[in-house]
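Visitor: Can you read through this structure? Questions will come right after.
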Amino acid sequence: MPSDTRPEPRAEAPGSNRDRLVAAAQELFWAQGVGATSPRQVLAASGVGQGSLYHHFPTKHDLAAAAVHATTTAGLDAARRDLGAQGSAVERLVRYLERPRPALAGCKVGRLVSDQAVMDDAALAAEVRAYFRGLVDLAAAVLVEGGLPDDAARDRAHAAVAVVQGGYVLARALDDPDAMSAAARGFVALLDPLPTTSEDA
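Heads up: the sequence shown begins at 1 in the UniProt record's numbering, then just goes up one per residue.
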């Protein structure tokens, strides 16, 4: 069952001061956006000193770039674990679609898309676009392995990514995390023509 509680910014994230700053920025960007987040807020949430902030990130843009990269990297790594595991094409895609997600809190990268401060910045926008292209590429590769032609695989891969993103929107609009699960189940039902039995690696 997806969680419906947005995590609070972490004041004591483990690791180095740099890691703690990046982790705090990630949570604040998720909660309120890049444009609305100040370095002072990141400092307060991270628990590190001001000198550490400006040592690691001389500008807010430097911090934003590091936090956005960390967020997109974590998202793609999670998708690779789901889609690269053993199983048939359908089983792996279902694993990706039905992974527990914070439905009411929203997608961390999807949140960035709605942030004008991100999409107006060429470097940050490129990072976000690369993330979504990466998701489509990963899902399409699995579907090609499942026997679909390249064009059909990419169409369904786009649809799979859209189902997840749309599921976040629907869950928040209805205040119902189960709406996201229902969207995933509905899409999975359309995959029946694909192989469903596991194959040897």
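Beta carbons are placed, not taken as given, at the ideal position from N, Cα and C, and that holds for glycine.
1) Ignoring anything shorter than 4 residues, give me the alpha helix (DSSP H) runs that lie fully in the UniProt domain "HTH tetR-type" (15-75), in order along the chain.
2) Have a look at Gln86 and His55 and give me their C-alpha separation to the nearest angstrom.
3) For Ser181, count neighbouring Cβ atoms within 10 angstroms of its own Cβ and tell me buried if that reaches 16, exposed if not.
4) Closest by CA to Arg133, which one among Leu53, Ala157, Tyr168?
5) Taking Ala183 and Gly166 to be in contact with their CB atoms under 8 Å, please state how far apart those CB atoms are, rounded to whole angstroms.
6) Identify whether Gly186 lies in helix, strand or coil by the three-state DSSP scheme.
7) For Val109 versus Leu63, is the C-beta spacing smaller than 9 Å?
8) Report back the beta-carbon spacing between Gly35 and Ala125 to the nearest angstrom; my notes put them in contact at under 8 Å.
9) Is DSSP giving Leu97 helix, strand or coil here?
10) Drop a sphere of 10 angstroms on the beta-carbon of Ala83, count the other beta-carbons inside from all chains shown, and report buried for 16 or more, exposed for fewer.
11) In the structure shown, what three-state DSSP assignment does Leu104 receive?
12) Quick one: Cα of Ala159 to Cα of Ser52, how far?
13) For Asp151, does the count of other Cβ atoms within 10 angstroms reach 16, so buried, or fall short, so exposed?
Guide: Checking against the coordinates, here is how it stands:
1) 17-32, 39-46, 50-56
2) 44 Å
3) buried
4) Ala157
5) 6 Å
6) helix
7) no
8) 13 Å between Cβ atoms; not a contact.
9) helix
10) The sequence given here has Leu at residue 83, not Ala. Leu83 comes out buried.
11) coil
12) 43 Å
13) exposed
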